[in-house]
Structures are given as C-alpha cells and as structure tokens.
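To start, the structure under review is shown below, and the notes come after it.
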Amino acid sequence: MCRSRVCAARSKTIRPRPATSAQCGVSATCSRRTVVMLKLRLWPRSLFGRNLLLLLGLIAIAQMSTIVLYVLLQRPRVMEVAQLVATQVNVLDAALSQVPATDRDAYVARLNRAGALSAQLTEPPPDNFAYRTPLADLFIREVRRNLAKGITLRMTNTPQLSIWAYLNISGERYWIKFPVNALVPYRWLTSALVLWLSLALSAALGALLIQRRINRPLRDIANAAQNVGSGARHARLPTYDASELAIVAKQFNAMLDNLEEMESSRTVMLAGISHDIRSPLAKLRLTLALDKHASELPVGQYIDQIDAIIGQFIDFGRVGSDERIVEGELNALVEELASGFAKRGHVFALRLEPLPVWPFRPIAMMRLVQNLMENAVKYAGVGLEVHTYMERDNAVLAVLDAGPGLAEGDEARLLQPFTRGDVGRSNTSGSGLGLAIVDRVARLHGGRLQLIRRHPTGMEARVTFSLVPSPADTASAAL
0 MCRSRVCAAR
10 SKTIRPRPAT
20 SAQCGVSATC
30 SRRTVVMLKL
40 RLWPRSLFGR
50 NLLLLLGLIA
60 IAQMSTIVLY
70 VLLQRPRVME
80 VAQLVATQVN
90 VLDAALSQVP
100 ATDRDAYVAR
110 LNRAGALSAQ
120 LTEPPPDNFA
130 YRTPLADLFI
140 REVRRNLAKG
150 ITLRMTNTPQ
160 LSIWAYLNIS
170 GERYWIKFPV
180 NALVPYRWLT
190 SALVLWLSLA
200 LSAALGALLI
210 QRRINRPLRD
220 IANAAQNVGS
230 GARHARLPTY
240 DASELAIVAK
250 QFNAMLDNLE
260 EMESSRTVML
270 AGISHDIRSP
280 LAKLRLTLAL
290 DKHASELPVG
300 QYIDQIDAII
310 GQFIDFGRVG
320 SDERIVEGEL
330 NALVEELASG
340 FAKRGHVFAL
350 RLEPLPVWPF
360 RPIAMMRLVQ
370 NLMENAVKYA
380 GVGLEVHTYM
390 ERDNAVLAVL
400 DAGPGLAEGD
410 EARLLQPFTR
420 GDVGRSNTSG
430 SGLGLAIVDR
440 VARLHGGRLQ
450 LIRRHPTGME
460 ARVTFSLVPS
470 PADTASAAL
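Sequential numbering of the sequence shown, starting at 0, is according to numbering that gives the first Met the number 0.
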C-alpha cells in the first residue's frame, strides 16, 4: 500500500510554475537597468571623450553618405550614360551596314559636318586614358558590355575625354569618335557638388551639436559668476555628467559655500561687536545724563559719532545681499527721505522725473539714497539737490551739492572703504564707509556710482541703474 502511494507520487509530472506578473515586471525592470548601465559604460565620462566620439560619428556619417551617394546617384547615372553611348555605337554600326558602299563615304561626311560624331579611316591615338577613377572604369566596362560583337573600343582624354569605336563595315574600317563630355562630365560636377554639400551640412550640424554641448555649461558658469559678482550667492551650478565640468561645478559650489559661511560669520561678528561696544556706550550716556556737569562737555556728541560709525560698520558688512527684491518707486523713497532731512533743517531741491516701477531691495536702496544725502549735508551743506530721470533704459539718481568739491584724482579713490577726502573735509568725522556702501549697493542692483566734479565748485554723485534685469536679479527674485 505504501509502495503504491510512493509510485503514484513519483509518477506525477512536475510542471514549472507559470511566471507571475510581478516576476515579469521585475525581470523587465532588471533588463531596462542593464541596458541603461551598459549605455552609461559605453558613453565617455569626460568632455574630451564625448567630443571625440561625436567627431568619429560625424566622420562615419560622412563616409556612409559618400557610399550612399555613389550607390544611389553616381553609379546609376554612369551606367545609364554608358548604355546610351553603347546604343549609339550599335545604331551607327547597323546604319552604316545598311548604307550602300557607294553612298557610305557621303553619309560619313554628313555625320562629320553635323559635329556630334566624327569618323575617320586612320588609326586613332592609342588608349592613353592614364588617370582612371573607379567611376571611369565602371563607365568603360559598361560600354564594352553593351557593345555588339566585333566592335573595338578605345578611350582617350586628350584633348578631351572621348570614345573611339572601331567599326568593320563590309571590309572597310571606320573609327567613330564620340565626345563623352557632351553626355556626362568627366569630373561629375553635379554629384560632387551634392556630395560636398552633404558633407558640409553634416560637419556644420556636428559642430553645432558639439558647440551647444560646450556652450550650455559655460553659459551656466558665466551666469553664476556674474551672480557672485553682483552679490547673489544663492544660485548653484548643476551637476554635470562630463568629468571636467563636474569638477568645475563642484569647486565653484564649494567656493560659494565658503563665501556664504564667511559672510555669515562676518555678520555674526559685527553684530557681536556692535552689542559689546554699544552696551558700555549706553551706560556711559546714562552716566553723563545723571551728571549735572556733563552738559558742559562735548562727550555726548562723541558718543553719538561712535554710535554712527558702528552703524556704518554694520551696514557695510550686511549690504543687503540677503534682502528680498520687491517692486518699488525710487521717487517715493527720495521724497520720504527729503522730508526727513527738511525736518532737520536741510532742504533738498527735488527735480524728480517720472520713473517706472522696478524691482530693488528697499532697505538697501534707502541706505544708498540716505548715504548720498548725508554725504552732501556733511561735506557741503549748501546747494543741495536730488535729480531723477531716465536715460535710455537706465534710471539715474543724482545728488548734487555746491560744497568744496573733489580734489584731483579723488573720483575713484573715495569709492574705496575707509577712505575720506582731503579738501574741505578735515573738520568732519566719519569712517569713510558711506560711499563704499553706496557703491556696493549700486553694484548689487546692476548699477554704477560716479563722482563728478562740478564747476566752479561742488560735486555730483550719480548712480545709474540698468532696468534690464540681470541674471543675478532674476535668481534672487525667484528665491
């Protein structure tokens, strides 16, 4: 009984289980991954290798196009013309055979006068077709293959490419000359033109493809560098497949990370210095306020100057690069600041022309205008004016005064940090950061600060803002 059960169990056929849909999906996914991995291995990682591969592919395409043009265009045309020449020789041989012997010379003379053919009884030049091309050999073979029996063929290329056919008509020998240039150009100009145009087009397309692959990352790097120069540190270069570009992008992004870390550390340091210095200054100010004899000393004025200098240090360190860009009106900002100066007894004459609403950093722009107006009040105090106007696609802000003006060569020097003028400014205090802050804010907005000497006296501080959005502004506005 047990044996029968064992035999029955052994006799059962073991069938493979059908593959489930999940197994099929996993298999297909693995196959796709294998194909992708194979492509990644075959595709070079370096930019040099990729360009070399593209150039080799371009050469292969050019060679293939040459073969295709030969097979589809040149070879059929040569064979067609060869068959036409052979047919003419065969027809002429048959026609001369039908002409009576007495009229044959007159018939040949008429052929010679027609100019299409020429017949002669003398031996032609020997077969001196010295420089044959594959197409010329194909032409000769095809003509000979289609000629009737008994017709001899010779070819010469002096003074022109010609075929000489030897006809034996009733014992009389005739050499008939066929100028081949009239039927098909020896140099095959049309086919060559098509060939060279195809090669030139392929080369142009290949060069365009290579140039685009190189220009795209270079354009990204140039825009990122421009962003850094304008003060925007947020954008990063993408990760490229090419090893050379990947190294450049990695180093560039690491440099931006270091710059951001340094800027953050500087901001924290300046904030700490401001807190540590202003705290004892506040205590000193309170002590002076409680001292009844302190009003006789200018100590409070000195404390205010120290506090203002510290504020300029903070402004120079911050500069507003992390401030969000919003749409604003420069004229409204100028009017608001001019009203504040008027309350302090410094009246600015305003000549504000209409300006479009354009994006800028409002706090940084307020620092720019305020520093220029403070500079005019501090170093001149008379002839104070503020002008705004459009100049092509640029918005211009100009702050003018009628003070002592600039010394020779101070126009560029005064834009450097911690630099102060020498002429008419010895009795003023400051850190020398006011114009440096203005210059940094102007460049942050794609603008340019100019210090212009006025005649007979005075100075004009002119800031020109380009209203064409720069990559830095676009990147910052998106963040």
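C-beta: ideal position from N, C-alpha, C; glycine also. Given the structure is predicted, the values throughout are model-derived calculations rather than measurements.
Asked	Found
Alpha carbon to alpha carbon, how far is Glu79 from Ala100?	33 angstroms
Can you tell me which of Leu354, Ile150, Asp400 and His444 puts its alpha carbon nearest to the alpha carbon of Arg366?	His444
Provide the residue span of the beta strand (DSSP E) that contains Pro358, from first to last.	Trp357 to Phe359
Since Ala397 and Arg461 are thought to touch, with beta carbons under 8 angstroms apart, how far apart are those beta carbons, to the nearest angstrom?	5 angstroms
According to DSSP, what are the bridge partners of Met458?	Asp400 and Arg452
Leaving out five residues on either side along the sequence, give the residues of the same chain with a beta carbon under 6 angstroms from the beta carbon of Phe251.	Leu236
Take Thr456 and list the residues in its own chain whose beta-carbon comes closer than 8 angstroms to its own, dropping the five residues that flank it on each side.	Ala401, Gly402, Pro403 and Gly404
Restricting to Cα atoms, I'd like to know which of Val88, Glu410, Arg76 and Arg442 is closest to Arg452.	Glu410
Over the uninterrupted beta strand (DSSP E) stretch that includes Tyr106, give me the two end residues.	Premise fails: Tyr106 lies in the alpha helix (DSSP H), Ala100 to Ala113, not in any beta strand (DSSP E).
Please return the same chain residues whose Cβ sits closer than 6 angstroms to the Cβ of Ala248, not counting the five positions on each side in sequence.	Leu236 and Tyr239
Taking Cβ to Cβ, would you say Leu448 is nearer than 8 angstroms to Met458?	no
Taking C-beta to C-beta, are Val90 and Phe138 nearer than 8 angstroms?	no
Candidates Ile60, Val333 and Ala147: which alpha carbon is nearest Ser197's?	Ile60
Does DSSP classify Ile150 as helix, strand or coil?	coil
Look at the Cβ atom of Met389, then the Cβ atom of Leu354, and state whether they are nearer than 8 angstroms.	yes
Name the residue from Phe347, Phe340, Thr155 and Met364 whose alpha carbon lies nearest to the alpha carbon of Leu540.	No answer is possible for residue 540: it lies beyond the span of the chain, which begins at 0 and ends at 478.
Do Val356 and Glu322 have their C-beta atoms closer together than 8 angstroms?	no
Tell me whether Thr286 is buried or exposed, calling it buried when 16 or more other Cβ atoms sit within 10 Å of its Cβ.	exposed
Identify, in the order they occur along the chain, each residue of the same chain with its Cβ nearer than 8 angstroms to the Cβ of Thr387, setting aside the five sequence neighbours on each side.	Leu329, Asn330, Val333, Arg350, Leu351, Glu352, Leu354, Ala394, Val395, Leu396 and Ala397
What are the residues that DSSP puts in a beta bridge with Met254?	DSSP, once it has assigned bridges, lists no residue as partnering Met254.
Here's the rule: buried if 16 or more other CB atoms are within 10 angstroms of the residue's CB, otherwise exposed. What is Phe464?	buried
Can you tell me where the alpha helix (DSSP H) holding Ala135 begins and where it ends?	Pro133 to Asn145
Thinking C-beta only, is Asp92 closer than 8 angstroms to Ala135?	no
Can you check DSSP and say which residues form a bridge with Glu384?	Ala348 and Leu399
Might you give, ordered along the chain, the residues of its own chain that have their beta carbon closer than 8 angstroms to the beta carbon of Gly56, omitting 5 neighbours on each side?	Gly205
How should Asp438 be labelled, buried or exposed, when 16 other C-beta atoms within 10 angstroms of its C-beta is the threshold for buried?	buried
State buried or exposed for Arg360, treating a residue as buried only when at least 16 other CB atoms are found within 10 Å of its CB.	buried
Quick check on Arg447: does DSSP put it in helix, strand or coil?	strand
Between the Cα of Pro279 and those of Val346, Val67, Ile305 and Asp256, spot the shortest distance and give me the residue it belongs to.	Ile305
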